[in-house]
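First comes the structure, then the notes that go with it.
2 protein chains.
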Amino acid sequence: MIDPAIPRLYAYHRALREAQAAGKSTITSEGLAALVGSISSTQIRKDLSALGAQGRRGRGYAINPLVEQLAWVLGLEHDWRIAIVGFGYLGHAFATFITAREARFRIAAIFDRSPAVIGQRWEGIPVRDVADLEAAVREADCNIGVIAVPAAAAQSSAQRLAAAGVRAILNFAPTALRLREPVAVRNIDLAGEMSILTSWLTAAESSREARA
Amino acid sequence: MIDPAIPRLYAYHRALREAQAAGKSTITSEGLAALVGSISSTQIRKDLSALGAQGRRGRGYAINPLVEQLAWVLGLEHDWRIAIVGFGYLGHAFATFITAREARFRIAAIFDRSPAVIGQRWEGIPVRDVADLEAAVREADCNIGVIAVPAAAAQSSAQRLAAAGVRAILNFAPTALRLREPVAVRNIDLAGEMSILTSWLTAAESSREARA
DNA sequence: AAATGTGAAGAGGTTCACAGCG
DNA sequence: CGCTGTGAACCTCTTCACATTT
Numbered sequence: 169m170i171d172p173a174i175p176r177l178y179a180y181h182r183a184l185r186e187a188q189a190a191g192k193s194t195i196t197s198e199g200l201a202a203l204v205g206s207i208s209s210t211q212i213r214k215d216l217s218a219l220g221a222q223g224r225r226g227r228g229y230a231i232n233p234l235v236e237q238l239a240w241v242l243g244l245e246h247d248w249r250i251a252i253v254g255f256g257y258l259g260h261a262f263a264t265f266i267t268a269r270e271a272r273f274r275i276a277a278i279f280d281r282s283p284a285v286i287g288q289r290w291e292g293i294p295v296r297d298v299a300d301l302e303a304a305v306r307e308a309d310c311n312i313g314v315i316a317v318p319a320a321a322a323q324s325s326a327q328r329l330a331a332a333g334v335r336a337i338l339n340f341a342p343t344a345l346r347l348r349e350p351v352a353v354r355n356i357d358l359a360g361e362m363s364i365l366t367s368w369l370t371a372a373e374s375s376r377e378a379r380a
Numbered sequence: 169m170i171d172p173a174i175p176r177l178y179a180y181h182r183a184l185r186e187a188q189a190a191g192k193s194t195i196t197s198e199g200l201a202a203l204v205g206s207i208s209s210t211q212i213r214k215d216l217s218a219l220g221a222q223g224r225r226g227r228g229y230a231i232n233p234l235v236e237q238l239a240w241v242l243g244l245e246h247d248w249r250i251a252i253v254g255f256g257y258l259g260h261a262f263a264t265f266i267t268a269r270e271a272r273f274r275i276a277a278i279f280d281r282s283p284a285v286i287g288q289r290w291e292g293i294p295v296r297d298v299a300d301l302e303a304a305v306r307e308a309d310c311n312i313g314v315i316a317v318p319a320a321a322a323q324s325s326a327q328r329l330a331a332a333g334v335r336a337i338l339n340f341a342p343t344a345l346r347l348r349e350p351v352a353v354r355n356i357d358l359a360g361e362m363s364i365l366t367s368w369l370t371a372a373e374s375s376r377e378a379r380a
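Read top to bottom, the protein sequences are chains A and B.
Per this note's numbering, the first sequence starts with residue 169, numbered consecutively.
Per this note's numbering, the second sequence starts with residue 169, numbered consecutively.
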C-alpha cells in the first residue's frame, strides 16, 4: 500500500466504526465520503480497491469485513510497546494521552537525561537514565520510540533507538533524523505547525492591506 | 507563496539561525541543503527565488537579510495570542511547551467544559467555561485557536472560535473541521501518526514473512 | 438503476539540465 | 569557474469519465 493513503485508511476505519456503532452494516463510497468529510468518493474507491476490498456494485461495501481488513493493514490488532525518550511536559502528556486513547499502546520504557527526573515513576514505570537506553529498550522489547527531547539531542536519541532495534519513531523534535537502519519516522513539529498558521495569518493580512 | 513550501521555509529559517550563530554570514544553496538535511539544493533555490531572495551567483546568499525575509513571511515578528479549548493533558502540555519554546506565543485564554477544571488557573490565566467562549476570545483578542478536546466536541469548538473571529486553528482532534469562514487549519492527529507507524511495522513484518 | 472498479487525463510539486551572471 | 535562477521533463497522486457488474 502506498504511503499517502495510510492516513486516509485510518480515517476510513474511524468513520466505519462510527457507522458500525450506528447499526449500519453496509455503506457506499459516497456515504463513507460524507462521513469522513474531506475525501472524494472516487478516492475512496481507488484506495479500497487497491486494498483488495470486496465492494458489490449497486450495493456498496459490507462494513464488518472492511473494518477488519483496515484494522489488519493499519496494525490495529497488535499491541505495541513504546519507549519514550525525554520525559518533559511533552513526553509526559503524550504518555498519558496515548494510553488513555488506545489500549493497544503500552508505555514500556521511559528515559530522561535530567537527574531530577530519573528515578521518578509514572504509572509504575521508572524513568531511567538515557545512558541505559539500548539495554533497557531491548529488555522491555519496545517496537516504537517517541522522541520528545530538545532538537540538539534528537539525532543521537534516534540513533540509539535504532541501534536497539526500534524500527518506528515518532519525533517531536524539529530535526530531520538520519538513520542507517530502515526506520519509519513521523515528525510532529508543534512550533513548526504554529508557524505555518502565523504565516497564513500574515499573508492574509498583507493581502487585505494590498486591497485597501 | 505556495502552501507546501511553508514548512520548508521554516526549516530554512531554523538552519540559517544556526549558521548565523556559528558566525557565518553567507551560505550557498548546497550548504543550506546539507544543514537542513532532507531538502535538495535545487528545491531551496526554487523556494528562495520564488520568495524574491537575492542570491549572488558564484557566492551564495547573504544570511542576515535572508533570515529577516523568512521571519517576515512566516510571521515570526508579530506576537500572537492563543486561545486553548480543552485543558486536559494535551492542552496543558501544549501551553507549557509553546510558551517555553517561543516567546512570541502567548496563551491569552483557556477554556474547558469540565466544572472540575473551570476556575483553575495556569500561569495566572483562569480556565473558563466554554459557554463563554465567543465573548472571552473577543475580549482577549486571540488570533489563534488550539483545539484539544475530544473528537465529538471539535467541530462545535471550531465553529465558535471562527465565529469569534479566530482565523487560524491548530486541531488535535481526529476530525476534519468544516467551517464557512476562511480559517487556516492544521491538524495534528497523534493517534493517527502512531497508526501510520504501526501500519509500516506490520507491512515490514509481513514482507519479511513473505520472503521467508 | 445504482454503485463499483479502472484506464486516461489532469494537477501539483519536485528534479533535471543548463543558461546566465558575478 | 562557481553558484544562482529557471524552463522543461518528470513523477506522483488525484479527479474524471465511463465501462462493468449486480
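Yeah, the Cβ is synthetic: ideal placement off N, Cα and C, and Gly gets one too.
Values in this document were obtained by computation on a predicted structure and should not be read as measured data.
Residue i in three-state terms, based on DSSP
{"i": "Ile312 of chain A", "result": "strand"}
{"i": "Ser305 of chain B", "result": "The sequence shown places Val at residue 305 of chain B, not Ser. Three-state DSSP puts Val305 of chain B in a helix."}
{"i": "Ile286 of chain B", "result": "coil"}
{"i": "Arg182 of chain B", "result": "helix"}
{"i": "Phe255 of chain B", "result": "coil"}
{"i": "Ile356 of chain B", "result": "coil"}
{"i": "Ala277 of chain A", "result": "strand"}
{"i": "Val334 of chain B", "result": "coil"}
{"i": "Pro175 of chain A", "result": "helix"}
{"i": "Asp300 of chain B", "result": "helix"}
{"i": "Arg272 of chain B", "result": "coil"}
{"i": "Arg249 of chain B", "result": "strand"}
Buried or exposed by the 16-neighbour rule on C-beta atoms within 10 Å, applied to residue i
{"i": "Ser367 of chain A", "result": "buried"}
{"i": "Ala202 of chain B", "result": "exposed"}
{"i": "Gln222 of chain B", "result": "exposed"}
{"i": "Asp357 of chain A", "result": "buried"}
{"i": "Gly292 of chain B", "result": "exposed"}
{"i": "Gln288 of chain B", "result": "exposed"}
{"i": "His181 of chain A", "result": "buried"}
{"i": "Ala218 of chain B", "result": "exposed"}
{"i": "Ala320 of chain B", "result": "exposed"}
{"i": "Pro210 of chain B", "result": "Per the sequence shown, residue 210 of chain B should be read as Thr rather than Pro. The residue in question, Thr210 of chain B, is exposed, as its Cβ has fewer than 16 Cβ neighbours within 10 Å."}
{"i": "Gly313 of chain A", "result": "buried"}
{"i": "Ala187 of chain A", "result": "buried"}
{"i": "Ser374 of chain B", "result": "exposed"}
{"i": "Gly226 of chain A", "result": "exposed"}
{"i": "Asp215 of chain A", "result": "buried"}
{"i": "Pro172 of chain A", "result": "exposed"}
{"i": "Gly142 of chain A", "result": "Nothing about residue 142 of chain A can be reported from this structure: the residues present for chain A run from 169 to 380 only."}
{"i": "Ala277 of chain B", "result": "buried"}
Residue i: contacting residues in chain A (beta-carbon distance under 8 Å)
{"i": "Asn232 of chain B", "result": "Simply none; closest approach about 20 Å."}
{"i": "Ala336 of chain B", "result": "Leu365, Thr366, Trp368 and Leu369"}
{"i": "Phe273 of chain B", "result": "Met362"}
Partner residues on chain B for residue i, Cβ-Cβ distance less than 8 Å
{"i": "Ile312 of chain A", "result": "Met362, Leu365, Thr366 and Leu369"}
{"i": "Gly287 of chain A", "result": "Here the premise fails: no neighbours, minimum Cβ distance about 22 Å."}
Minimum C-alpha distance to residue i - residue among the options
{"i": "Gly205 of chain A", "options": "B:Arg354, B:Arg306 and B:Leu345", "result": "B:Leu345"}
{"i": "Ala316 of chain A", "options": "A:Phe255, A:Ile275 and A:Ile231", "result": "A:Phe255"}
{"i": "Ser325 of chain B", "options": "B:Phe273, B:Ile207 and B:Asp297", "result": "B:Asp297"}
{"i": "Leu258 of chain A", "options": "A:Asn339, A:Ile364 and A:Trp248", "result": "A:Asn339"}
{"i": "Ile250 of chain B", "options": "B:Ala239, B:Trp240 and B:Ala263", "result": "B:Ala263"}
{"i": "Lys192 of chain B", "options": "B:Ala179, B:His246, B:Tyr229 and B:Gly333", "result": "B:Tyr229"}
{"i": "Glu245 of chain B", "options": "B:Gly226, B:Val253, B:Ile231 and B:Ala271", "result": "B:Ala271"}
{"i": "Glu349 of chain B", "options": "B:Ala371, B:Arg335 and B:Ala183", "result": "B:Arg335"}
{"i": "Ser282 of chain A", "options": "A:Val295, A:Leu329, A:Trp290 and A:Ala276", "result": "A:Val295"}
{"i": "Phe279 of chain B", "options": "B:Ile266, B:Arg269, B:His260 and B:Thr267", "result": "B:His260"}
{"i": "Val253 of chain A", "options": "A:Ala330, A:Pro233 and A:Leu242", "result": "A:Ala330"}
{"i": "Val351 of chain B", "options": "A:Leu369, A:Ile286 and A:Gln327", "result": "A:Leu369"}
{"i": "Ile231 of chain B", "options": "B:Ile195, B:Arg213, B:Arg224 and B:Ala173", "result": "B:Ile195"}
{"i": "Leu184 of chain B", "options": "B:Leu234, B:Pro175, B:Val285 and B:Ala268", "result": "B:Leu234"}
Contact list for residue i against chain B, beta-carbon separation under 9 Å
{"i": "Gly205 of chain A", "result": "Thr343, Ala344, Leu345 and Arg346"}
{"i": "Ala190 of chain A", "result": "Chain B residues near Ala190 of chain A: none, gap ~13 Å exceeds 9 Å."}
Chain-ordered neighbours of residue i on chain B, where CB pairs are closer than 7 Å
{"i": "Thr138 of chain A", "result": "What is shown of chain A runs 169 to 380, which leaves residue 138 of chain A out entirely."}
{"i": "Glu270 of chain A", "result": "Ala359"}
{"i": "Ala398 of chain A", "result": "Lying outside 169 to 380, the shown extent of chain A, residue 398 of chain A is not represented and no answer is given."}
{"i": "Ala372 of chain A", "result": "Arg335"}
Within chain A, partners of residue i - CB distance below 7 Å
{"i": "Leu392 of chain B", "result": "Since the first residue of chain B shown is 169 and the last is 380, residue 392 of chain B is not available in this structure."}
{"i": "Ile174 of chain B", "result": "Ile364 and Ser367"}
Contact list for residue i against chain A, beta-carbon separation under 9 Å
{"i": "Tyr178 of chain B", "result": "Pro342, Asp357, Ala359, Gly360, Ser363, Ile364 and Ser367"}
### Within the region 187-243 of chain A, ranges of the alpha helix (DSSP H) (whole runs, at least 4 residues)
For the region 187-243 of chain A, whole alpha helix (DSSP H) runs of length 4 or above, ordered along the chain, are 197-204, 209-218 and 231-241.
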